[in-house]
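Engineer: Please read through the structure below; I'll follow up with questions.
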Amino acid sequence: MISSRKTHHHAGLLGALLTILVVGCSSSTMPTASSSGAESDAVLTGAVRIHGSSTVFPVSQAVAEEFSEVSPKVKVSVGSAGTSGGMKKFVAGEIDICDASRKMKETEHEKCVAAEIEFIEFTVAIDGLSVVVNPKNDWVDCLTVEQLKTIWRPESGETVMKWSDVNPEWPEEPLKLYGPGTDSGTFDYFTKAINGEERASRADYTASENDNQLVRGVASDKGGLGYFGYAYYAENKDQLKLLAVDGGGGCVAPDETTVRDGSYKPLSRPLFIYVRKSSLKRPEMLAFVKFYLEHVGRLAGDVGYVPVSDEVAKQNKELLKTALQ
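Shown next as structure tokens:
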């Protein structure tokens, strides 16, 4: 299970992604950025609070572990209650950084405006959201988007109970489903990409914002099927079978190449962190964010995701520089 940084390295770059925006809800005066990844002219103390997406959790946790070697007196806490759960804490001022596997929603932005919170959105990695089954499943290697919709659409809770209900050529093995809970950005993204409407999903599945629980469920159930971020598959390859997905152009499995070039569709997606600008007034927070942006390319690859392109990495650093002026 994912509890610390994975050492297997995935190199790779992605072309320019999305326009990354500094979103401001109020003005504030920021300290000047230094050129180093962590402040070296004084011993840093204090705390950095991160919460949100379980998909982004391995990335932030890996950064936190390496940062602790540079600034051991700074306590960096990383939690995972799902993107929506993290956003609630972010708006309430309980955390400095929200990990997110989707972009901030308009309703969340409105709450940010109301709370006079300024933030910066950074794209930190690319994920190939993975569909997995139990290794004992020997009847399917690829699912079409239409078959995934047949399995996961809201009305299927009453009609699709066995694998043979998806394809009559498949066995009458009970279909046991595992997926993210409703506070998860992965849930939002998957339901939109597969069912055509965000949050439209059958309810009779084992839900959790803890992806390790989903891994254990699929791994222990012959008829199990689940979906979560690629890093959790990469960490548990011996317990899971990865399926290819046919998005209309043939069966494609997620890997560094197919996620980077967009051929693994529609389940390739960017991953984000949202940083409170007011938190950057604290030296330990500024040092941590600079360290994060400097090292996330390598560390994202280490835990199983595709690093952002050089262009996006440069944009991230320019965003931070602009915010500090």
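Using the working numbering, you'd call the opening residue of the sequence shown number -12 and step up by one each time. A virtual CB, placed ideally from N, CA and C, is assigned to each residue, including glycine.
1) Just to confirm my understanding: we take G72, look at its own chain, exclude 5 residues before and 5 after, and list those with CB closer than 6 Å. What are they?
2) One question on the structure: do T193 and Y165 come within less than 8 Å of each other, judged by their Cβ atoms?
3) Does the Cβ of K277 have 16 or more other Cβ atoms within 10 Å, making it buried, or fewer, making it exposed?
4) Using 8 Å for Cβ pairs, my map puts I107 next to K264. What's the rounded Cβ distance?
5) I need the straight-line Cα distance from D297 to S58, nearest angstrom please.
6) Kindly list the residues whose CB is nearer than 8 Å to the CB of L31, restricted to its own chain and excluding five residues on each side of it in sequence; keep chain order.
7) Who are the Cβ neighbours of V78 in its own chain at under 8 Å, not counting the five residues just before and after it?
8) Let me know the beta strand (DSSP E) ranges lying completely inside the region 114 to 149, each 3 residues or longer, listed in chain order.
9) Can you tell me which of the three DSSP states P45 falls into?
10) Mapping DSSP to helix, strand and coil, what is K252?
11) Tell me which residues share the same chain as R140 and place their Cβ nearer than 6 Å to its Cβ, disregarding the 5 neighbours each side in the sequence.
12) From which residue to which residue does the alpha helix (DSSP H) around V295 run?
13) Going residue by residue through the region 156 to 242, where are the continuous beta strand (DSSP E) segments of at least 3 residues, counting only ones entirely within it?
14) Rounding to the nearest angstrom, what Cα-Cα distance links S64 and K76 in this structure?
15) Whose C-beta lies closer than 8 Å to the C-beta of D242 among residues of the same chain, with five residues either side of it excluded?
16) Tell me the residue span of the alpha helix (DSSP H) that contains K62.
17) Candidates E305, N303, Y217, V120: which alpha carbon is nearest D208's?
18) What is the rounded straight-line gap between the Cα of S67 and the Cα of F44?
19) Can you list, in chain order, the residues of its chain whose CB lies under 7 Å from that of A49, leaving out five sequence neighbours each side?
20) Are the beta-carbon atoms belonging to I260 and D86 less than 8 Å from one another?
Structural biologist: The short version:
1) D170
2) yes
3) buried
4) 6 Å
5) 26 Å
6) A25, S58, K60, V61, P270, E271, A274
7) E95, K98, C99, A102, I104
8) 117 to 120, 129 to 131
9) helix
10) coil
11) N182
12) Note, V295: premise wrong, no alpha helix (DSSP H); not H, not E.
13) 163 to 166, 211 to 215, 231 to 233
14) 14 Å
15) G115, Y251
16) That residue, K62, is in no alpha helix (DSSP H); its beta strand (DSSP E) goes 61 to 65.
17) V120
18) 6 Å
19) R(-8), L286, D289, V290
20) yes
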